[in-house]
Amino acid sequence: MLKEGIGVEGAERVKFFAALPPEGDSSGLRAAIRSLVVRSGAKVVALDDDPTGVQTVHGVRVYTVWDDATAEELVREEEPLAFILTNSRSLAASAARAVNEAVGTAVLQAARRRGRPVVFLSRSDSTLRGHYPLEVLTLAGLWEAAYDRRLAGHLLVPAFPEGERYTVGDIHYVGEGERVFPAGETEFARDPAFGYKSSDLKAWVEEKSGGFWRREDVFSVPLTAVRGGGPDKVAEYLDGVRRGQPVVVNAVSYADLDIIVRGLLAVEEGGKHFLYRTAAAFAKVRGGITDRPLLGAADLFLPGAEGSGGLVVVGSHVERTNRQLAVLRAAGYPVHELRAARLLLPEERAAELARVAALLEQELGYGRVAVVATSRTVLGGAGVEEGLALSRSISRALAALVGCIKVTPRFIVAKGGITSSDIATQGLGVRRALVLGQIRPGVPVWRLGEEARFPGLPYVVFPGNVGTDRTLLEVVETLAAPGPQPGAGA
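So for the sequence shown, our numbering puts the first residue at 2; every next one is plus one.
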């Protein structure tokens with residue numbers, strides 16, 4: 002199919018899709034999946050390494066803490082799917098292991114007390130960044146010890162249609178404009194913390210595991226089996242997985258994922274158990290979550306909602322975010338720069354935060370949309386862990402900035418995974434939130450809990466690598482119609 006011949010220059014989107022086999026029949030599968038998931042009584046717990054994993058779901062809760070009482074609450078919920086935000090992608094490896102151990106242990110203990118089985122989903126990036134295989138191995142060890150049985154394997158499902166991420170012929174692709182590129186040829190593969198060379202996921206597993214698994218050890222479910230054989234063929238493939246193998250799952254569309262999950266559930270009903278390392282799309286289907294229309298302003302604001310203007314905070318530095326920010330600025334929304342270099346100097350940090358906070362409060366006080374972005378120049382560290390530490394320091398500064406603003410906004414948009422996590426937990430004191438749905442494909446909205454600084458506020462968690470160049474502007478205009486006022490800003 003497409004396994005050979007797509008290099009640095011990518012492939013035309015039209016030709017890419019024309020080369021695929023026709024989709025299989027997925028009619029009625031989502032409803033059947035939901036029925037099976039509810040009937041099983043199991044709780045699917047998605048440990049989310051940044052807050053964008055809820056970008057496909059609605060009507061589920063996301064938790065940012067995992068104390069015993071919260072773990073009990075999560076397990077007690079009737080809804081079969083819940084997310085716990087670990088934000089581990091922003092952490093060094095040792096800290097990521099520790100947080101996965103803490104969350105996994107708390108959930109398993111609460112589940113044991115209530116007699117409810119647990120399935121772990123390690124939700125991570127559709128462009129393959131994150132602590133793999135560390136997080137999978139950590140959770141697998143906890144699960145196997147708790148249930149005294151062996152997992153058959155773990156599924157790797159990075160496909161994410163909303164973000165134009167596709168897996169075909171075991172190669173993972175990223176769509177950009179009118180072309181589709183192997184993931185290893187994109188900017189995401191050059192990530193300073195989680196970079197990689199391989200687009201072929203079997204080779205990627207060998208690369209990221211340091212040879213713990215060789216590529217020939219990695220199982221795969223081909224797209225031809227999914228589209229040509231349906232759930233029964235998928236089940237046949239998965240039934241052959243043994244000894245904790247990694248399993249590459251090829252998928253392009255939600256129809257593919259419906260077929261895959263229906264086959265998976267048949268195998269799990271037969272007694273096999275898997276852990277999942279996936280992007281957000283699989284989480285939606287595994288929970289049997291139905292589709293719903295994109296959210297409009299009428300869906301977001303509670304009756305009598307207070308607040309003045311809106312706040313947009315941009316921390317992501319990927320090129321797509323930079324283009325979106327440029328479009329927002331060109332549409333008449335002034336962008337205030339939070340100067341990253343000054344944030345790293347202890348003697349200047351407080352003054353820089355106070356300077357920008359005053360500008361934002363002025364905008365909000367006039368009922369305008371206040372936009373702040375960190376400097377677009379990336380400050381590099383000497384190594385992976387130093388680079389992550391710099392990112393965390395700047396992200397914490399953004400959270401502190403939001404935390405010290407005295408004017409209540411009607412909404413907040415946070416751009417970037419680490420940014421949106423730190424603002425939610427540190428700046429706004431969020432412990433739990435309800436996922437309302439998506440305001441644009443792949444862009445979720447939380448309703449903040451009563452414990453938060455701004456209870457009930459719509460909080461848009463905007464991933465850095467999602468959307469067209471105009472999507473950020475479209476989100477702001479949906480929330481803030483009729484748009485910016487002449488003369489806004491400084």
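By construction, the Cβ of each residue, glycine as well, lies at the ideal position given by its N, Cα and C atoms.
What would DSSP say about residue i, mapped onto helix, strand or coil?
| i | result |
| --- | --- |
| residue 1 | Nothing about residue 1 can be reported from this structure: the residues present for the chain run from 2 to 491 only. |
| residue 96 | helix |
| residue 491 | Annotation note: pLDDT 35 at residue 491 (below 50); position unreliable, coordinate value reported separately. It is coil, neither helix nor strand. |
| residue 156 | strand |
| residue 475 | helix |
| residue 265 | helix |
| residue 298 | helix |
| residue 13 | strand |
| residue 347 | helix |
| residue 6 | Confidence at residue 6 is low in this model, with a pLDDT of 46, below 50, so its placement is unreliable and no value can be given for it. |
| residue 224 | helix |
| residue 230 | helix |
| residue 367 | coil |
| residue 217 | helix |
| residue 486 | For residue 486, the predicted structure reports a pLDDT of 40, less than 50, and the residue's modelled location is therefore unreliable. The matter cannot be settled from this model. |
| residue 176 | strand |
| residue 328 | helix |
| residue 440 | strand |
| residue 38 | helix |
Under 7 Å, do residue i and residue j count as touching if we go by C-beta distance?
| i | j | result |
| --- | --- | --- |
| residue 358 | residue 364 | no |
| residue 406 | residue 338 | no |
| residue 311 | residue 412 | yes |
| residue 453 | residue 429 | yes |
| residue 309 | residue 368 | yes |
| residue 161 | residue 127 | yes |
| residue 276 | residue 155 | yes |
| residue 340 | residue 348 | no |
| residue 133 | residue 198 | no |
| residue 319 | residue 465 | yes |
| residue 225 | residue 442 | no |
| residue 288 | residue 82 | yes |
| residue 424 | residue 344 | no |
| residue 373 | residue 474 | no |
| residue 27 | residue 256 | yes |
| residue 120 | residue 108 | no |
| residue 44 | residue 76 | yes |
What residues are listed by DSSP as bridge partners for residue i?
| i | result |
| --- | --- |
| residue 416 | 315, 463 |
| residue 140 | In the DSSP output, where bridge partners are listed per residue, residue 140 has none listed. |
| residue 44 | 119 |
| residue 49 | 86, 124 |
| residue 374 | 315, 338 |
| residue 448 | 435, 459 |
| residue 246 | 154 |
Could you pull out every residue in the same chain whose Cβ sits closer than 6 Å to the Cβ of residue i, ignoring the five residues on either side in sequence?
| i | result |
| --- | --- |
| residue 100 | 87, 89 |
| residue 19 | none |
| residue 73 | 111 |
| residue 221 | 171, 249 |
| residue 49 | 84, 86, 124 |
| residue 57 | 281, 282, 285 |
| residue 191 | none |
| residue 16 | none |
Just to check my reading of the structure: residue i and residue j have Cβ atoms closer than 8 Å, yes? What is that Cβ distance to the nearest angstrom?
| i | j | result |
| --- | --- | --- |
| residue 60 | residue 284 | Rounded, the Cβ-Cβ distance is 13 Å, inconsistent with contact. |
| residue 140 | residue 105 | 5 Å |
| residue 14 | residue 181 | 6 Å |
| residue 29 | residue 260 | Between residue 260 and residue 29 the Cβ distance is about 12 Å, and since that is not below 8 Å, they are no contact. |
| residue 414 | residue 477 | 7 Å |
Between residue i and the rest of its own chain, which residues show a CB-CB distance below 8 Å, the 5 nearest in sequence each way excluded?
| i | result |
| --- | --- |
| residue 219 | 202, 203, 206, 207, 246, 247, 248, 249 |
| residue 157 | 202, 206, 247, 248, 249, 250, 278, 279 |
| residue 215 | 207 |
| residue 427 | 397, 400, 401, 404 |
| residue 298 | 479, 480, 482 |
| residue 485 | At residue 485 the pLDDT is 41, less than 50, meaning the model places this residue with poor confidence; the figure from the coordinates comes in the next sentence. So the list reads 332, 333, 334, 369, 370, once near-sequence residues are dropped. |
| residue 446 | 296, 301, 436, 437, 438, 439, 440, 459, 460, 461, 462 |
For residue i, I'd like the list of residues in its chain whose CB is within less than 7 Å of its CB, leaving aside the five on either flank, ordered along the chain.
| i | result |
| --- | --- |
| residue 267 | 232, 236 |
| residue 449 | 429, 431, 434, 455, 456, 457, 458, 460 |
| residue 153 | 242, 243, 273, 274, 275 |
| residue 392 | 91, 419 |
| residue 323 | 377 |
| residue 33 | 263 |
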